[in-house]
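Once you know that position 47 of the sequence shown is 868 in the numbering used here, the rest is easy, because the numbers rise by one and skip nothing. For each residue, glycine too, the CB sits at the ideal point set by N, CA and C. Since we're looking at a predicted model, the values are computed, not measured. Presented below is the structure to which this report refers.
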Amino acid sequence: MEKLILITCLLLSSSIFGQENVGYTIHAKERVISYEKLVKQLSKKEVVLFGELHDDSIAHILEYELSRDLFQLFPQSFSLGAEMFETHQATYLQQFLETGNLKALTDSTKLWSNFLSDYYPTLRFAQENGIPYYATNIPRKFASMVFKKGIQSLDTLTEKERAFICPLPFAFDSTLSQYKECIQMGIDMHASGINFALAQAIKDATMGWNIAQALKTHQHVLHFNGSFHSNYYQGIYWYINHYRPKTKIATIAVIKKSEFKHKRDSYLADYVIIVDDKK
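Below you can see the structure in the form of structure tokens.
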């Protein structure tokens, strides 16, 4: 099963890069650029925030390709990180990187339902090439506590549990448009709007904090996260600059062609990848 997944990934990768109709276009603001130019420009940055659509296969193939191509440029200083791994899973992730034992990883901790098809190929690439891979996200139960009981609920955490999240108290700017949207979403759910936004923010803060920590030992970090976490230079982007000012960051946002409707969508990120809708 494992070999089949890796072979499928490689075949799909060679397929989309070996033909003109690849199912996506890369936009730098309002200009279409090539994948090769994207890699060249990203190589000048310390952090690349790849804002994916979690269920889009083209996005995951591009993540694999970028991992490979940036690693080739910076074999001694390149690292990976992902929202899909929470900080309490770091030990299991490190064990996999050291042993390559997939069964031990999947038996030890709960992974995303699409882990094998979408995230495992890149993780396996990291393992085979000695690339550090960081679990950056807050444990889900702690973000849930903030949503249900407010930020003060984190006061009950033990010192060991606090090590899994960003330093407290953490900065929060409720005027950012992404958090304004979260506040309204919370209200629409008949819940606390501010708590919903804070739960989102502490995810972003924890990921931003862990990326900043990774930069102490590795000069280049490619990080995978849902696009909402980095769109409009907010979320993780904002927190990286909070914890490590003047970091050179590039952002990528993936959006479906049917949802790309306004000129402002060209400014979701430094690079907007428009993917074909699934047929």
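Worksheet item: Does DSSP classify Glu851 as helix, strand or coil?
Response: Stepping through the sequence shown from its first residue, residue 851 is reached at position 30. DSSP places Glu851 outside both helix and strand once states are collapsed to three, so it counts as coil.
Worksheet entry | Reference Phe946, options Glu907, Phe899, Cys987 and Ala992, closest by Cα | Translated into the one-based positions of the sequence shown, residue 946 becomes position 125. Comparing Cα positions, the closest option is Phe899.
Worksheet entry | Other residues of its chain near Ile1008: CB distance less than 7 Å, five sequence neighbours each side excluded | Within the sequence shown, numbered from 1, the residue matching residue 1008 stands at position 187. Same-chain partners within the cutoff: Gly1014.
Fill in: Where Asn922 falls, given that 16 or more other Cβ within 10 Å makes a residue buried
Counting from one through the sequence shown, the residue named residue 922 turns up at place 101. Classification for Asn922: exposed.
Item to complete: Would you list, in sequence order, the uninterrupted alpha helix (DSSP H) runs of no fewer than 4 residues that lie entirely inside the segment 943-1001?
Response: Considered as a whole, the segment 943-1001 harbours 961-970 and 980-983 as its complete alpha helix (DSSP H) runs of no fewer than 4 residues, in chain order.
Practice prompt. Could you tell me the boundaries of the beta strand (DSSP E) in which Gly1047 lies?
Written response: Counted from its first residue, the sequence shown places residue 1047 at position 226. Membership of Gly1047 in the beta strand (DSSP E) is indicated by the continuous run His1041 to Gly1047.
Worksheet item: Excluding sequence positions up to five away, which residues of its chain have a Cβ less than 8 Å from the Cβ of Tyr1088?
Response: Position 267 of the sequence shown, counted from the start, is the residue given in the question as residue 1088. Once the five neighbours on either side are set aside, the close Cβ partners of Tyr1088 are Lys850 and Tyr1053.
Item to complete: Write down the C-beta distance between Tyr954 and Leu944 rounded to the nearest angstrom, noting that I regard them as a contact closer than 8 Å.
Response: The residue given as residue 954 occupies position 133 in the sequence shown. The residue given as residue 944 occupies position 123 in the sequence shown. About 6 Å; that satisfies the 8 Å criterion.
Worksheet item: Does the segment 899-912 come within contact of the segment 1025-1033, defined as at least 3 CB pairs closer than 8 Å?
Response: Segments in contact, yes.
Worksheet item: If you follow the beta strand (DSSP E) that Phe871 is part of, which residue opens it and which one closes it?
Response: Position 50 of the sequence shown holds residue 871. If you look at Phe871, you'll find it in the beta strand (DSSP E) that goes Val868 to Glu873.
Worksheet item: Given a threshold of 16 other Cβ atoms within 10 Å of its Cβ, counted over all protein chains shown, does Asp876 qualify as buried or as exposed?
Response: Taking the sequence shown and counting its residues from 1, one reaches residue 876 at position 55. The C-beta of Asp876 has fewer than 16 other C-beta atoms within 10 Å across all chains shown, which makes the residue exposed.
Worksheet item: Can you name, in chain order, every residue of its own chain whose Cβ lies under 6 Å from the Cβ of Cys1003, other than the five neighbours on each side?
Response: For the purposes of this step, residue 1003 is taken as residue 182 along the sequence shown, with counting starting at 1. Cβ within range, chain order: Phe1017, Ala1018 and Gln1021.
Worksheet item: In three-state DSSP terms, what is Ser900?
Response: Taking the sequence shown and counting its residues from 1, the one referred to as residue 900 is at position 79. Taken through DSSP and simplified to helix, strand or coil, Ser900 comes out as strand.
Worksheet entry | Beta-carbon spacing of Lys1078, Asp1097 below 9 Å | Numbered from 1 along the sequence shown, position 257 holds the residue referred to as residue 1078. Numbered from 1 along the sequence shown, position 276 holds the residue referred to as residue 1097. Yes, the Cβ-Cβ distance between Lys1078 and Asp1097 is below 9 Å.
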